[in-house]
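The C-terminal position of the first sequence is numbered 300 in my numbering, with every residue numbered one higher than the one before it.
Ideal Cβ placement from N, Cα and C applies to all residues, glycine included.
From a predicted model like this one, the values you see are computed outputs, not experimental measurements.
So the structure is just underneath, and the comments pick up after that.
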Amino acid sequence: MPELPEVETTRRGLAPLLEGETVTGVVVRQPRLRWPVPGDLAACLQGQTITAVGRRAKYLLVATPVGTLILHLGMSGSLRVLPGGGTQQPPGAHDHVDILLGNGACLRYTDPRRFGSLHWTAEPPEHHWLLARLGPEPFAPGFSGDTLYRQSRGRRTSIKAFIMESRVVVGVGNIYASESLFRAGIHPARAAGRVGRDRYRRLAEAVREVLGEAIAAGGTTLRDFTASDGRPGYFAQTLNVYGRTGEPCPRCGGPIRQQRIAQRSTWYCPGCQR
DNA sequence: CCGACAACCTGTGAGC
DNA sequence: TGCTCACAGGTTGTCG
């Protein structure tokens, strides 16, 4: 999926196209996503005017006066706005949901692997069970090296698994975990509880830098991500270690190593990261 | 409570 | 060319 920068890129692309529009219809072709699409989604959204498109962690929040559509793109999801109610582009096998808008456009949700989800809530979205236990946003004051240090005391899990925990900080997925740890000079397999305060301060800064630069570049293009306007992101060109097995480390020139850590492929420089 | 792992899906690319 | 296998951006739930 889209990691946080891709979701934020999608949000920025969608917001001006959706805000102020009224939902005139909802077509659900495939309700079996990560969680079933609510059967009454059409009834909830019908006739509502979209007031804002927000984001919490990797969830997109489409707000209306009476409730919020909570959308997750999973590993392979994407959203596009199509003109002409989408009739000019007949839905493909993985185009699971269309949300029709008053101006004749169509918000189309596509997700081959179906790890994404759509929820509706009439409550403030932060109260929803999916969002209630999330940790701080990386750019919020609640996220810092000091909080990382405190939370990690006694933790024996790898620091890579630790910074990918959504209760610790949201938005650090598999790509940016490797990239952040490289910038901070920390070995991804090191136990989280055995990293000192100064190194956590560097890590917090690295997370903000990496995510911030990726957002500025419009996200990372890998296999199947494109921004909502169809243009690719350009951050992939600036990845230091992710997917670069055997290539020279940009800092020391030694070969980048790949290792399975926290059940996911992980890349690091054994010379620069301790 | 903690940590490891399975599970949910389809598509793609490598290797034979 | 075609088959099989490993792996892919996420997250919850379960088990020991």
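Hey, would you say K186 sits closer than 8 Å to T292, going by beta carbons?
-> Against a cut-off of 8 Å, the Cβ pair of T292 and K186 comes out as a contact.
Residues near L97 in its chain [Cβ-Cβ closer than 7 Å; skip 5 each side] = Y85, L86, V88, L144
C-alpha distance - L99 paired with D137, whole-angstrom precision = 7 Å
In angstroms with no decimal places, state the Cα-to-Cα distance between V63 and R106.
-> 19 Å
Would you mind working out which of V221, P274, Y294, R277 sits nearest R283, comparing C-alpha positions?
-> For R283, the nearest C-alpha among the options comes from Y294.
Name the DSSP beta bridge partners of R286, please?
-> S291
Would Y268 pass as a contact of E205 if the rule is Cβ separation under 8 Å?
-> In contact: Y268 and E205 (Cβ atoms closer than 8 Å).
Contact set for L67: own chain, Cβ-Cβ below 7 Å, skip 5 residues either direction = V52, V54, L144, W146
Using 8 Å as the threshold, is the stretch 36–50 in touch with the stretch 71–82, meaning 3 or more CB pairs across them?
-> yes
Span of the beta strand (DSSP E) around W146 | 143–147
Are there 16 or more other CB atoms within 10 angstroms of the CB of Q299, so buried, or fewer, so exposed?
-> That one is buried.
Closer than 7 Å by C-beta to R227: which residues in its own chain qualify, once you throw out the five before and the five after it? Chain order, please.
-> Taking C-beta separations shorter than 7 Å and ignoring five residues to either side along the sequence, the partners of R227 in its chain run G171, following chain order.
Rounded C-alpha distance that separates R290 from P116 = 36 Å
Report yes if the CB atom of G197 is closer than 8 Å to the CB atom of L30, and no otherwise.
-> yes
Tell me the DSSP bridge mates of T90?
-> G93
Stretch pair the stretch 129–136 + the stretch 161–171: three plus CB contacts closer than 8 Å = no
A217 (DSSP reduced to helix, strand or coil) | A217: strand per DSSP, three-state reduction.
With respect to the beta strand (DSSP E) encompassing S104, which residues constitute its N-terminal and C-terminal limits?
-> 104–108 is the extent of the beta strand (DSSP E) around S104.
Sequence-distant residues of the same chain with beta carbon closer than 6 Å to A215, five excluded per side = S184, I287
G80: first and last residue of the uninterrupted alpha helix (DSSP H) it sits in = Counting along the chain, G80 falls outside any alpha helix (DSSP H), though it belongs to the beta strand (DSSP E) covering 78–82.
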